[in-house]
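Colleague: Number 144 in numbering that gives the first Met the number 0 belongs to position 145 of the sequence shown; there are no gaps in the numbering.
For each residue, glycine too, the CB sits at the ideal point set by N, CA and C.
Pasting a structure here, questions to come.
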Amino acid sequence: MNNDRPVKSVVIVGGGTAGWLTASILAADHCAAHPDGLQVTVIESARVPILGVGEGTWPSMRDTLRRIGISETTFVRRCNAAFKQGSRFNGWKDGSPSDFYFHPFEAPPSQDDVDALTLWRSSSGLSFADAVCHQPAVCLAGLAPKQAGTPEYAAVANYAYHLDAPAFAELLAENARDKLGVRHVVDDVVRATKDANGLLGSVETSENGSIAADLFIDCSGSRALLIGDEMGAGFTDVSDVLFNDRALAIHVPYRHDSEAIASETHGTAMEAGWVWDIGLQNRRGVGYVHSSNHTTEDEARASLGRYLQASPSGQAVSADDARLIKFQSAYRPTPWVSNVVGVGMSAGFVEPLEASAIVMIELAATMISDILPPQLSAMPGASRRFNERFSYRWARIVDFLKAHYIFSQRTEPYWQAHRDRSTWPDRLVELVDRWAVEPPNRSDFPQIQEIFPAASYAYVLYGMGFETVPAPNRRRRDLPDFLSQHAQAIRTKAQRFSQGLPTNRDLINHILTTGLTKV
């Protein structure tokens, strides 16, 4: 193969959210619909179902949808989507009835303006999130992140979405084929062909023969047909840090069309894991993520059953009908090998706490698009940059997810095992020791595009009761007048939003019947 040949074609093996989102970003950025643009082909097996348990996204999804030309009205209508403004964690600290905290999408005041920790300490018994951000009050009231007259993708409060994964993949595929010029081949890949230099030249399909490309993207999920089977990229297993390896997933229909839709993802701590609860338009997606080393499947189903019975709509379903999903928390430190890139589950998967799966697809597809090699000879440099960035990102995700567990006071063996420092990543140990004497700071996270910034850690740490030694008041931003002004501004915003925003359900109904104003 001529290494000076321009990169003009990309083959993506696998559909679903990973395949079609990656295809859409590449096609939109590199004019696949134009005769001289990048040729993008998706090879999708008709025999492989989409996992489809209901998904949470990050606010970045708004820019992604706008980038690939899907209107927000169409997205909400087609994907059973609802608005998400963060996550609420129930029972993680000690399991008492009053034990909950928020990780909202709105950041605290900038550390250049006021010290968030001092602002919290000056409040009258408020939680950290309530003291430094207006968004928890909006979520507790079940309110939407904007008004009916707010244009598509614009925000009053920062937001993302909950969505139906199969419906989302279908919308992405339709838009990619019809508007972005992506070629769709429904077939099974049976083998691949490499040249003497280790570059993949083509994949062989059952019905369509050999399909060649310059760059191959593996979105075949946990099967990892190309990046694993062909290129031999290894895994870093982090199951000794993140213990969960099973999930019991079930759909819970609402009792009636007017039932409230939660404005945040709920994560509720259980004896040997936690339950996700995601509100869509016509149902909730519920699943118990747990460790098979700390509970049996029968015990897990019983725990999920108790959770379901605690809500009126959950009483209509049985935990016996929940689907068992097995997984391993692991990632590939080199997801780009030669001219093959793994994206989505083929690159790695960790438990769905904090909804990192789809955003990692967005980030991977965007970086591939941004650094797409102009010719094959530039492939090694691109792969090196990509691997450095994503091995770092995966490690930081593992750090942050582990941080949710380590300060719990729950007494079950599962939670006690998480408190064992020998199971903590080295960097997390270093950070926690540092944060005992100073709060999380942006200097703790040096990359421009950190996956979880200092503010996210602050919400989790102080939500879980972590203590930082108070510092002496020696800066202007710590003075009482400054603190009082910021506290009043946050209270005023929370009150104004609570009075002026519709409920999540009301805004969705408006979109379904009337639609949002297009920009």
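Excluding the 5 residues flanking Arg392 on each side, which residues of the same chain have their C-beta closer than 6 Å to its C-beta?
Modeller: As a first step, residue 392 is located in the sequence shown; it is residue number 393 there, counting from the start. Excluding sequence neighbours, Arg392 sits near Ile450.
Colleague: Would you decide whether Arg331 is buried or exposed? Buried here means 16 or more other CB atoms lie within 10 Å of its CB.
Modeller: If you number the sequence shown from 1, residue 331 lands on position 332. Burial call: buried.
Colleague: Quick check: the Cα distance between Leu64 and Ala470, rounded to an integer number of angstroms?
Modeller: Start at 1 with the first residue of the sequence shown, and residue 64 comes out as number 65. Start at 1 with the first residue of the sequence shown, and residue 470 comes out as number 471. Using only the alpha carbons, I get a separation of about 44 Å.
Colleague: Is there contact here, the segment 278-288 with the segment 207-221, by at least three beta-carbon pairs under 8 Å?
Modeller: Judged by Cβ distances under 8 Å, the segment 278-288 makes no contact with the segment 207-221, as fewer than three pairs qualify.
Colleague: Nearest to Ser382 by CA position, among Ser421, Asn338, Ser355, is which residue?
Modeller: Along the sequence shown, read from residue 1 onward, the residue named residue 382 stands at position 383. Out of Ser421, Asn338, Ser355, Asn338 has the C-alpha closest to the C-alpha of Ser382.
Colleague: Beta-carbon separation of Tyr413 and Phe242 under 8 Å?
Modeller: Residue numbering aside, residue 413 sits at position 414 when the sequence shown is read from its first letter. Residue numbering aside, residue 242 sits at position 243 when the sequence shown is read from its first letter. Taking 8 Å as the Cβ cut-off, Tyr413 and Phe242 qualify as a contacting pair.
Colleague: Could you give the distance in angstroms between the alpha-carbon of Leu307 and the alpha-carbon of Ala140?
Modeller: Residue mapping note: residue 307 aligns to position 308 of the sequence shown, counting from 1. Residue mapping note: residue 140 aligns to position 141 of the sequence shown, counting from 1. If you take the alpha carbons of Leu307 and Ala140, they lie about 22 Å apart.
Colleague: Would you list, in sequence order, the uninterrupted beta strand (DSSP E) runs of no fewer than 3 residues that lie entirely inside the segment 68-128?
Modeller: Here the runs fully enclosed are 81-83, 85-89, 99-103.
Colleague: Pull up the distance between the alpha-carbon of Met0 and that of Ser390, whole angstroms please.
Modeller: Taking the sequence shown and counting its residues from 1, one reaches residue 0 at position 1. Taking the sequence shown and counting its residues from 1, one reaches residue 390 at position 391. Any reading at Met0 is ruled out, since the residue's pLDDT is 49, under 50, leaving its predicted position unreliable.
Colleague: On the DSSP letters alone, give me the boundaries of the alpha helix (DSSP H) that Ser368 sits inside.
Modeller: Walking along the sequence shown from the start, residue 368 turns up at place 369. That run of the alpha helix (DSSP H) goes 355-369.
Colleague: Between the Cα of Thr192 and those of Gly200, Val185, Arg420, spot the shortest distance and give me the residue it belongs to.
Modeller: As a first step, residue 192 must be located in the sequence shown, where it is residue number 193. Closest option to Thr192, Cα to Cα, is Gly200.
Colleague: Under 8 Å by Cβ, that's how I've got Val316 and Ile249 pegged, so tell me the actual separation to the nearest angstrom.
Modeller: Residue 316 sits at position 317 when you count from the first residue of the sequence shown. Residue 249 sits at position 250 when you count from the first residue of the sequence shown. Between Ile249 and Val316 the Cβ distance is about 6 Å, and since that is below 8 Å, they are a contact.
Colleague: CA-CA distance, Gly227 and Val251?
Modeller: Taking the first residue of the sequence shown as 1, we reach residue 227 at position 228. Taking the first residue of the sequence shown as 1, we reach residue 251 at position 252. Whole-angstrom Cα-Cα distance: 36 Å.
Colleague: For Gly90 and Arg420, I'd like the C-alpha separation in whole angstroms.
Modeller: Residue 90 sits at position 91 when you count from the first residue of the sequence shown. Residue 420 sits at position 421 when you count from the first residue of the sequence shown. Taking the straight line from one Cα to the other gives about 22 Å.
Colleague: How would you call Leu511, buried or exposed, if buried means at least 16 neighbouring beta carbons within 10 angstroms?
Modeller: Position 512 of the sequence shown holds residue 511. Exposed, since its Cβ has fewer than 16 Cβ neighbours within 10 Å.
Colleague: Helix, strand or coil, according to DSSP, for Ala22 in the structure here?
Modeller: Against the sequence shown, residue 22 aligns to sequence position 23. Helix, per DSSP.
Colleague: Quick one: what does DSSP say His29 is sitting in, helix, strand or coil?
Modeller: Counted from its first residue, the sequence shown places residue 29 at position 30. Residue state, collapsed to three classes: coil.
Colleague: As a quick exercise: from Leu25, Val9, Met269, Arg190, pick the residue whose alpha carbon is nearest that of Asp369.
Modeller: Here residue 369 is taken as the residue at index 370 of the sequence shown, counted from 1. The shortest Cα separation from Asp369 among Leu25, Val9, Met269, Arg190 belongs to Leu25.
Colleague: Report the partner residues of Ser209 according to the DSSP bridge assignment.
Modeller: Against the sequence shown, residue 209 aligns to sequence position 210. DSSP output for Ser209 lists Glu203 as bridge partner(s).
Colleague: For Arg4, collect the residues of the same chain with a Cβ closer than 8 Å to its Cβ; drop the 5 residues on either side in sequence, then sort them by chain order.
Modeller: Position 5 of the sequence shown, counted from the first residue, corresponds to residue 4. Around Arg4: Asp213, Gln374, Leu375.
Colleague: Which class does Leu352 belong to by DSSP, given the choice of helix, strand or coil?
Modeller: One-based indexing of the sequence shown puts residue 352 at position 353. Reduced to three states, the DSSP call for Leu352 is coil.
Colleague: Within 10 angstroms of its Cβ, does Lys83 collect 16 or more other Cβ (buried), or is it exposed?
Modeller: Within the sequence shown, residue 83 is the residue found at index 84, counting from 1. Label assigned to Lys83: buried.
Colleague: Excluding the 5 residues preceding and the 5 following Asp320 in the sequence, name in chain order all residues of the same chain whose CB lies nearer than 7 Å to its CB.
Modeller: Along the sequence shown, one-based indexing puts residue 320 at 321. Result list for Asp320: Ile249, in chain order.
Colleague: Please state whether DSSP places Tyr253 in a helix, a strand or coil.
Modeller: In the sequence shown, residue 253 corresponds to position 254, counting from 1. The answer is coil: DSSP assigns Tyr253 none of H, G, I, E or B.
Colleague: Does DSSP put Leu142 in a helix, in a strand, or in coil?
Modeller: Counting from 1 along the sequence shown, the entry for residue 142 is found at position 143. Strand, per DSSP.
Colleague: Can you give the Cα-Cα distance for Gln517 and Arg254, rounded to whole angstroms?
Modeller: As a position in the sequence shown, residue 517 is number 518, starting the count at 1. As a position in the sequence shown, residue 254 is number 255, starting the count at 1. A small correction: the amino acid at residue 517 is Lys; Gln does not occupy that position in the sequence shown. Answer to the nearest angstrom: the Cα atoms are 33 Å apart.
Colleague: What does DSSP give as the partner residue(s) for Val184 in the beta ladder?
Modeller: Counting from one through the sequence shown, the residue named residue 184 turns up at place 185. The partner list for Val184 (beta bridge, DSSP) reads Ile42.
Colleague: Should Ser86 go down as buried or exposed, given a rule of 16 or more other Cβ atoms within 10 Å for buried?
Modeller: Sequence index remark: in the sequence shown, residue 86 carries index 87 (1-based). Classification for Ser86: buried.
Colleague: May I have the straight-line CA-CA distance separating Ala363 from Gly380, to the nearest angstrom?
Modeller: The sequence position of residue 363 within the sequence shown is 364, counting from 1. The sequence position of residue 380 within the sequence shown is 381, counting from 1. In a straight line, the C-alpha of Ala363 is about 16 Å away from that of Gly380.
Colleague: Can you give me the Cβ contacts of Asp236 inside the same chain, cut-off strictly under 8 Å, excluding the 5 residues immediately before and after it?
Modeller: In the sequence shown, the residue the question calls residue 236 occupies position 237. Here the set comprises Gln327, Ser328, Ala329.
Colleague: My output table needs one value for Thr513: the three-state DSSP class, helix, strand or coil.
Modeller: What you label residue 513 is simply residue 514 of the sequence shown in a count that begins at 1. The answer is coil: DSSP assigns Thr513 none of H, G, I, E or B.
Colleague: Taking the continuous alpha helix (DSSP H) assigned at Arg530, which residues delimit it?
Modeller: Residue 530 falls outside the range modelled here, since the chain spans only 0 to 518, and no answer is possible.
Colleague: Of all the options Leu225, Gly124, Asp297, Asp177, which has the alpha carbon lying nearest to the alpha carbon of Leu198?
Modeller: Residue mapping note: residue 198 aligns to position 199 of the sequence shown, counting from 1. Among Leu225, Gly124, Asp297, Asp177, the Cα nearest to that of Leu198 belongs to Leu225.
Colleague: Quick one: what does DSSP say Met0 is sitting in, helix, strand or coil?
Modeller: Here the question's residue 0 lines up with position 1 in the sequence shown. Note that Met0 scores a pLDDT of 49, beneath 50, so its modelled location is shaky and nothing firm can be said.
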